[in-house]
Every structure is written in structure tokens, then in C-alpha cells.
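Student:
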Amino acid sequence: MHKRYGPIVRINPWEVHISDPEWNGVYKYSSKASKPHWFYMRFFGMFPSTNTAESHALHQVRRAPLQGYFASTNIQRYMPIIQAQVDKLSRRLADADGQVVSLSDAFRCLATDVATGFAFGTPFGHLDEPTFDHEFNMSVKTVVKMSMWSRHTYGLLLPVLHRIPESLAKKMNPAFGRVQWMREPEPTPGTDPDMIQTLLASSLPAEEKTFSRLFSETRSIIMAGTETTGSTLITITSSLLSDPGKLLLLRHELGNAEEAKVGRLEYSDLRELPYITGVINEGLRLANPTPSRLPRVCSDQDLQYKGWVIPRGTTISTTAQDTHNDPKIFKHPREFQPERWARIEDRKRLNRYLIPWGRGSRLCLGMELATIDLYLTVSRLFSPNSDFSMVLSNTEEDDWKAYHEFFAGFPKGKGLDVLVTSKKKVKRGRVKSRFT
Numbered sequence: 001m002h003k004r005y006g007p008i009v010r011i012n013p014w015e016v017h018i019s020d021p022e023w024n025g026v027y028k029y030s031s032k033a034s035k036p037h038w039f040y041m042r043f044f045g046m047f048p049s050t051n052t053a054e055s056h057a058l059h060q061v062r063r064a065p066l067q068g069y070f071a072s073t074n075i076q077r078y079m080p081i082i083q084a085q086v087d088k089l090s091r092r093l094a095d096a097d098g099q100v101v102s103l104s105d106a107f108r109c110l111a112t113d114v115a116t117g118f119a120f121g122t123p124f125g126h127l128d129e130p131t132f133d134h135e136f137n138m139s140v141k142t143v144v145k146m147s148m149w150s151r152h153t154y155g156l157l158l159p160v161l162h163r164i165p166e167s168l169a170k171k172m173n174p175a176f177g178r179v180q181w182m183r184e185p186e187p188t189p190g191t192d193p194d195m196i197q198t199l200l201a202s203s204l205p206a207e208e209k210t211f212s213r214l215f216s217e218t219r220s221i222i223m224a225g226t227e228t229t230g231s232t233l234i235t236i237t238s239s240l241l242s243d244p245g246k247l248l249l250l251r252h253e254l255g256n257a258e259e260a261k262v263g264r265l266e267y268s269d270l271r272e273l274p275y276i277t278g279v280i281n282e283g284l285r286l287a288n289p290t291p292s293r294l295p296r297v298c299s300d301q302d303l304q305y306k307g308w309v310i311p312r313g314t315t316i317s318t319t320a321q322d323t324h325n326d327p328k329i330f331k332h333p334r335e336f337q338p339e340r341w342a343r344i345e346d347r348k349r350l351n352r353y354l355i356p357w358g359r360g361s362r363l364c365l366g367m368e369l370a371t372i373d374l375y376l377t378v379s380r381l382f383s384p385n386s387d388f389s390m391v392l393s394n395t396e397e398d399d400w401k402a403y404h405e406f407f408a409g410f411p412k413g414k415g416l417d418v419l420v421t422s423k424k425k426v427k428r429g430r431v432k433s434r435f436t
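Under UniProt numbering, the first residue of the sequence shown carries the number 1, and numbering increases by one thereafter.
1) Tell me which residue opens and which closes the beta strand (DSSP E) that Q304 is part of.
2) Below 8 Å on the Cβ atoms is my contact criterion, and I expect G278 with P327 to pass it. Report the Cβ-Cβ distance as a whole number of Å.
3) Give the secondary structure of E184 by DSSP, where H, G and I count as helix, E and B as strand, and everything else as coil.
4) Quick one: using the 10 Å Cβ neighbour count with 16 as the cut-off for buried, is R334 buried or exposed?
5) On the DSSP bridge assignment, give the partners of D417 in chain order.
6) Would DSSP call I316 helix, strand or coil?
7) Thinking C-alpha only, which one of Y353, G68 and I236 is nearest Y275?
8) Given this structure, state the Cα-to-Cα distance separating H252 from I372, to the nearest angstrom.
9) Nearest by alpha-carbon distance to N385: which of D322, A370, K414 and E258 is it?
10) Hey, would you say D105 sits closer than 7 Å to S422, going by beta carbons?
11) Give the single residue among F120, V297 and P205 whose Cα lies nearest to the Cα of I222.
12) DSSP on L392, reduced to helix/strand/coil?
13) Which value, in whole angstroms, describes the spacing of the CA atoms of V418 and S90?
14) Under 8 Å: do the segment 349-367 and the segment 279-288 share three or more Cβ pairs, one atom per stretch?
15) If you reduce the DSSP assignment to three classes, tell me which class S220 lands in.
16) Would you mind listing the beta strand (DSSP E) stretches within the segment 258-307 that are 3+ residues and don't spill past its ends, in chain order?
17) Measure the alpha-carbon distance for H332 versus H324 and round it to whole angstroms.
18) Would you kindly check if the distance between the Cβ of V114 and the Cβ of Q85 is under 7 Å?
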């Protein structure tokens, strides 16, 4: 539509969509824009979280106590838990010698365990499941499909489904039973407060500390972290395994850095390496973890876009994918090119247009946690000192690439499968990894 009608198009009676990488007026803090009820609350099942807060003021109230919990200093306290999940995935893959493994399931298990380990101090243990919890991952996809239907049924569908007895839900679909944990979160006691305890101890008003409110908050954060990180790791892995030259460049950079440090690279070390940074950025750009448009409503002021005045109360939306696929910014935008980020000046210029985490005052809370997960996982899986190697197994692009837009992107195929070969075997038995 934009190619035919220009950068601003009315897509329904109450909403205009703008495709212009230079414009973000409605997302600026100063606009104090709200989220339209019909788009967010209906989709997420009428459950109140920071993500679904409609007004700018309510969003600021709910976000305030979480801002500190997701701060860099607090995330550092959980680094051992994050690293332990990456190590566990690495061990699982090294022990799968000669087996075909679904990385689509494995990466989502990793992301879930990292998110829950950070939120509760104890991971849910999805990485321990023999099949990388395929059934649970399918249940998440089922839930988001229903969420899309819920948006168009006045938000009634998900609340009704949440009232179905567990025994009946399992008969309807065994996958539903695996979502039960999202109804009964238990805060982990300990010397350091977890996310639930942090919210309970905060200055939030009493109505913001009810069970349903806190449940909604944790569910929103965990599910958001699972799909965004999982889809990005899938895109990165498939792209690298499809291009031996780029994989070799990454392994060479990691090998040199590990040799220079004589040991495992920490997150701070990895952020200084240009090629893996390009790999991560290209993964985020191409995976586009949130392909949906992100509508906002500015009720107290008119907004200006070039020669158009957009009256207050109009729903305005943009889509990150339009920017990520703009050939004027990213030459050959459909191609995985980590080298485009290699030079510092190019990286600074392109970073402005890399917006997988959203924009403005509602920028994703978990972006740093997810970024740490991405760097640690990619460096561990593709290090020349890794205990295993992988090749694609009967996998085409359509199997793993996002096809359906259920707020997050989901493929129409079976996912990303790889054949794993362990490097731990030698003639005299098994040797330990240098990182074990």
C-alpha cells in the first residue's frame, strides 16, 4: 500500500500507518501516547501488565519498580544463572552425537529458562526435558493463535479458556496442561528478592499487587522473552550454517579472542568483538522478533507528519520491519550480512535504524537480558573450542522463517532441525571441554 499511496496510509477508519524510518513522533516520551485497548488488551486476554497498560501514566506507574529490577547492575547478579543455562544447552547438544535436534524447541527452552531464572531465581527446567519440551512450545503457539482470535472477539476468548478445568483442557488438547505454570507462579524465597518480591515490596498501590496483576506481569515478561530470543537465535543459526564463509569468520574471531584471554569470553569481552556484534544485529534485524505494527493514540495533542496534521485521538502505527527491510538503509536487506556492521562509523549509523525492541518510553524492559543471552549462546555454540558441530538437517527456509504474525512471528513449517556431531569423542574415550 505504501508503494502505491505514499508514506502515510489510512488502513482502517480510525488508524493511519506511517512507513518512514526517520519519523517516530508518536513514540516520543513527550507525546505521552497511549495504547489502543482493542489492539493490546483484547490480544493479551484482558490481563493487566506493564505491556498492556493503555495510558502513558499507568504504564509509568507499573514500569517504575521493574526498571530497577531490569537494570544492568541487577542483571549482573543473575549472570551465573544465565551462563548455567547456556552451558546446559551446550552439554545437551554435545551429548546428542549423531542425533537430529530441533533447535526451534531448544532455543525456546533456553530463553524460557533464562527468563524464569532471572525472574524467580530458579529456572523452570525446560532444558532438562528429553525432547526440549516440544509439547510446551506448541502450547505457546496455540495460546498466541487464540490471542489473535481474542482480539477480534472483543477479548472474550482467553478469559473463558482460563476458566476451563485443567482436566478438560488436557482432553481437548494435551498442550493446554503445560500452560498451567502460567496460572500459579510461586516466588522463590531467598536473600535476594526475585521479581515478584520486588513488586510486592514496591510503592505500587494495593490494586497493582493482586495475584491476577502479578501473574499477568510475569506471564507477559516470560512469554515475550521466549519468542524474541528464540526466533533471533533460530535466524542466526540457520544463516550461519547456510554460509560456511560467514561461519568461518565468526569462529576465527572467537578463537583469536579466546586464545588471547586464555579462557571463556565474558559478555563484556564479546561486546567488543565486531563480527559477533554484526551477527547478533543481523539476527535481530532479519528475525524481527515483533513483526506486528505497534499502534499508539495521542489524545491531548495533534501530531505533524510532513504536510499532514494528524488530529488528536487518531490511532497511529508504524512497523519495524519497514525500516529493517529498507534498501536505502540496509543494502540488500534480505541478505544476512554481519560485515555491514564491521566499521564503527557504519555501526553508529545503522544502530539508529535497528529497532527490534520498540521505541520511546515503552522500549522493551528485557532488551539487555535478551542481548546477553544472544551473545553468550552464539559464542558458545560457534566457538572453535565447542564440544560439537552442527549441520542443517532436512531444513528449508520455510521451515523456520516467520510466516504467521501472531504479534510475534511464527513459521508455517516444522522449525529448524540440525544434525549434531560431538567433538568430545577420541580414540581413548571422552575428554572434557576446556570450559567444563
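Idealized CB from N, CA, C, for every residue including glycine.
Tutor: On the basis of the coordinates in this document:
1) L303 to Y305
2) Wrong, their Cβ atoms sit about 18 Å apart, outside the cutoff.
3) At E184, the pLDDT of 45 sits below 50, so the modelled position is not reliable and the matter cannot be decided from this model.
4) exposed
5) S102
6) strand
7) I236
8) 21 Å
9) E258
10) no
11) F120
12) strand
13) 14 Å
14) yes
15) helix
16) 303-305
17) 11 Å
18) yes
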